[in-house]
Amino acid sequence: MTNDIRVRFAPSPTGYLHLGSLRTALFNYLFAKHNNGKFILRIEDTDQSRKVEGAVENLINILNDMGLKYDEGPIAGGEYGPYFQSERLDIYKKYCDELLANGYAYYAFETAQELDEMRKIQQMQGKQTMYNRRARNLTENEINEKIASGVPYVIRLKVPLNEEIKFNDLIRGNVKIETNMIDDQVLLKSDGFPTYHLANVIDDHLMKITHIIRGEEWLTSVPKHIILYNAFGWQVPDMAHVPLILNPDKSKLSKRQGDVATEDYLKKGYLKEALVNFMALLGWNPGEGEKREIFSLKELVNLFTIEKVNSAGAVFNTEKLNWMNAEYIKQMDTAKLAEIVIPYMNTAGIDTSDKDKYNRVIFAIKNYINTLQEAPEHSEIYYSNVNLSEEQKDILKSETSKQVLNLLNIKTAALFEITADNFKPVLNEIQKETGIKGKNLFMPIRLALTSKEHGPELGTIAYVLGKEEVLNRLNILN
RNA sequence: GGCGCAUUGGUGUAAUUGGUUAACACGCCGCCCUCUCAAGGCGGAAAGUACGGGUUCGAUCCCCGUAUGCGCUACCA
């Protein structure tokens, strides 16, 4: 690549990784890796009131967990650190002073209450709510006096009036906004911390970010950023605003309508590979006749281009996720599956210490589960005692049932052991010898072995239970 | 309210630089397999591309308007 591609994922540490953020991170990662570029993690922790303990560690862990390893960032380090915005305060201050000196920014002294009132009045008048830019008219003396007497202040962006800002979004094409509609955004808060707008422009430039890929919610603030880039005389990076992820009712994906944290889905037993695969296809696809749906991270890296990202929001469809997760589970090595399912089994009170049996259980349930969390319920028949209802007992009391079960008992006892495929022939023998077939043959056995009308084929059930347990369950009936 | 963005079956998407019987996947329905439930195999219903105007010999694709949805409208990101 001629010039090095550098992108960043810049979350604020909220304590968990929102699915929308996951996808933004994923797209950044895919774009970087596809272009042999660098993927940078930067922590946007400029809001002191929203600090969450341990959030950053968690974020880093989950990102790594998902396979989205960053090249530069907290802990990993890099040439352009620090990667915490809270540790870059002096940098922001310096550039802010530069803006002030060159007339691109100005001091303002309104209190939060005053601004609230201003907005309320504007609202009542049906006007657009924005700062009325009145501090632009303060004289130098007034400003100096206020600062000297310790009045708290912020620094605002002096938005050029009566202009039109145009930019080209890699996903949406041309976008234009009148500067008169743009607020004189606060750049530096009264606590000395920068706002997102200031910090992100400075950091992206200093960190040599070439492409900004972020959520659609930022689209309307791009002009503010462009004004800043221009004020500094910096080149504006390319931008791509990815569509939002939506609830089934098309509102923005929110907690109220289900889980939104990546961690929640991992906990529920969705595989990270499946989750990544699924999220990638939300708002993006390789196009051009590509018929596959299942892609590894590596394949995604190969195929990903920003131009193929959609511009409309995408509904998060849990049913498709379930299907995809089931696909990954089916393809997974059984031993590996057995291992990662253990915690789910143990929480559900299933003892997995008999490894031989446990592995047979996993083999049997592999095609039945969409998520790891569903494993215990499908394993129950192999571990819990048979518990028949009165109705089921009646079925077993019938003449044919007795005949079948007695014969099965004898024939099973005669087997050295039950294997994956020697039980079915036994059933065939019984059918031949007794003339009983179909439901009358199989259902009594199914009930005797599991006390359930539904389940895997009997050969599998018997194999999982093993000879001893099959005989146990048959004998309990007597 | 203002500004911005979006709009292909229920959902996710596809459709060479405007010309296709509008394709694929999930879901749904049916059939096969089968003792049952899944899985798997086969097939089906489901959009004429939000609506209305243009441009064009011809628009899912280009332009305008309307509607709807979403986003932004903080000393939050």
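When we follow this note's numbering, the leftmost residue of the first sequence carries the number 17, and every step to the right adds one. Positions of the beta carbon are idealized from the N, C-alpha and C atoms, including for glycine.
Supposed contact pair residue j and residue i - C-beta distance, whole angstroms, cut 8 Å
{"i": "L57", "j": "G36", "result": "Their Cβ separation, rounded to whole angstroms, is 17 Å, which puts L57 and G36 out of contact at 8 Å."}
{"i": "P29", "j": "V68", "result": "6 Å"}
{"i": "V170", "j": "V202", "result": "5 Å"}
{"i": "A256", "j": "D185", "result": "6 Å"}
{"i": "N153", "j": "A247", "result": "Not confirmed; about 20 Å, so no contact."}
{"i": "G305", "j": "T40", "result": "With 8 Å as the limit, G305 and T40 do not qualify as a contact, their Cβ atoms being about 28 Å apart."}
{"i": "L269", "j": "N341", "result": "Contact doesn't hold; Cβ gap of about 18 Å is too wide."}
{"i": "I310", "j": "E355", "result": "At roughly 22 Å, the Cβ-Cβ gap does not stay under 8 Å, so I310 and E355 are not in contact."}
{"i": "F209", "j": "T62", "result": "5 Å"}
{"i": "F55", "j": "D87", "result": "5 Å"}
Residue environment, residue i, which counts as buried when at least 16 other CB atoms sit within 10 Å
{"i": "N386", "result": "buried"}
{"i": "R272", "result": "exposed"}
{"i": "T18", "result": "Because the pLDDT at T18 is just 49, under 50, the model does not fix this residue reliably, and the value given afterwards should be weighed accordingly. Classification for T18: exposed."}
{"i": "P168", "result": "exposed"}
{"i": "I492", "result": "exposed"}
{"i": "T236", "result": "exposed"}
{"i": "A380", "result": "buried"}
{"i": "Q408", "result": "buried"}
{"i": "I452", "result": "buried"}
{"i": "K174", "result": "buried"}
{"i": "Y479", "result": "buried"}
{"i": "H227", "result": "buried"}
{"i": "A164", "result": "exposed"}
{"i": "A534", "result": "This structure cannot settle anything about residue 534, because the visible part of the chain is limited to 17 through 494."}
{"i": "G53", "result": "buried"}
{"i": "I193", "result": "buried"}
Residues near residue i by beta carbon distance below 8 Å, same chain, minus five either side
{"i": "A151", "result": "Y122, Y123, A124, F125, E126, R172"}
{"i": "P176", "result": "T195, I243"}
{"i": "H241", "result": "H213, N216, V217, V252"}
{"i": "L421", "result": "L412, P460, I461, A464, L490, L493"}
{"i": "V486", "result": "T428, I434, L465, A478"}
{"i": "D131", "result": "Looking at the sequence itself, residue 131 is Leu, so the reference to Asp does not match. Y147."}
{"i": "E233", "result": "L260"}
{"i": "V191", "result": "K182, F183, N184, D185, L235, V238"}
{"i": "R66", "result": "S28, T30"}
Residue i and residue j closer than 8 Å at C-beta
{"i": "G475", "j": "F432", "result": "no"}
{"i": "E73", "j": "A26", "result": "no"}
{"i": "N403", "j": "I229", "result": "no"}
{"i": "K468", "j": "Q389", "result": "no"}
{"i": "Y147", "j": "D200", "result": "yes"}
{"i": "K224", "j": "Y111", "result": "no"}
{"i": "Q129", "j": "Q138", "result": "no"}
{"i": "D254", "j": "R24", "result": "no"}
{"i": "L204", "j": "Y281", "result": "no"}
{"i": "V331", "j": "L313", "result": "no"}
{"i": "Q419", "j": "T450", "result": "yes"}
{"i": "T350", "j": "H50", "result": "no"}
{"i": "A48", "j": "I21", "result": "yes"}
{"i": "I446", "j": "L424", "result": "yes"}
{"i": "L84", "j": "L42", "result": "yes"}
{"i": "G303", "j": "K324", "result": "yes"}
Sequence-distant residues of the same chain with beta carbon closer than 6 Å to residue i, five excluded per side
{"i": "G329", "result": "P259, L260, L262"}
{"i": "N456", "result": "T416"}
{"i": "Y399", "result": "I366"}
{"i": "D275", "result": "none"}
{"i": "S102", "result": "D61"}
{"i": "R149", "result": "D200"}
{"i": "P472", "result": "A380"}
{"i": "R135", "result": "T145"}
Cβ-based neighbour list, residue i, same chain, cut-off 7 Å, excluding 5 preceding and 5 following
{"i": "L316", "result": "L46, A296"}
{"i": "L353", "result": "I345, I378, K382"}
{"i": "A71", "result": "P29, T30, G31"}
{"i": "N326", "result": "P259, G299, W300"}
{"i": "Y360", "result": "G285, L388, Q389, A391, P392"}
{"i": "L75", "result": "P27, P29, L33"}
{"i": "I159", "result": "Y123"}
Query raised in the report: Along the chain, which unbroken stretches of the alpha helix (DSSP H) at least 4 residues long are found entirely within the segment 379–412?
Result: 391–399
Query - Ordered list of alpha helix (DSSP H) runs contained in the segment 230–281, each at least 4 residues - result: 238–248
Report task. Run through the segment 305–372 for me and flag every whole alpha helix (DSSP H) of 4 or more residues, listed as ranges in chain order. Result -> 313–319, 334–347, 350–363
Requested in this report: At 4 residues or longer, and completely inside the segment 93–138: list those alpha helix (DSSP H) runs for me, N to C.
Outcome: 105–117
Requested in this report: Just list the alpha helix (DSSP H) runs in the segment 406–452, keeping only unbroken ones of 4 residues or longer that don't cross its boundaries, in chain order.
Outcome: 406–413, 415–430, 439–450
Report task. Within the segment 132–179, note down every full alpha helix (DSSP H) run reaching 4 residues or more, in order along the chain. Result -> 156–164
Query raised in the report: Can you list, in chain order, the stretches of the alpha helix (DSSP H) that have 4 or more residues and sit fully within the segment 39–90?
Result: 71–81
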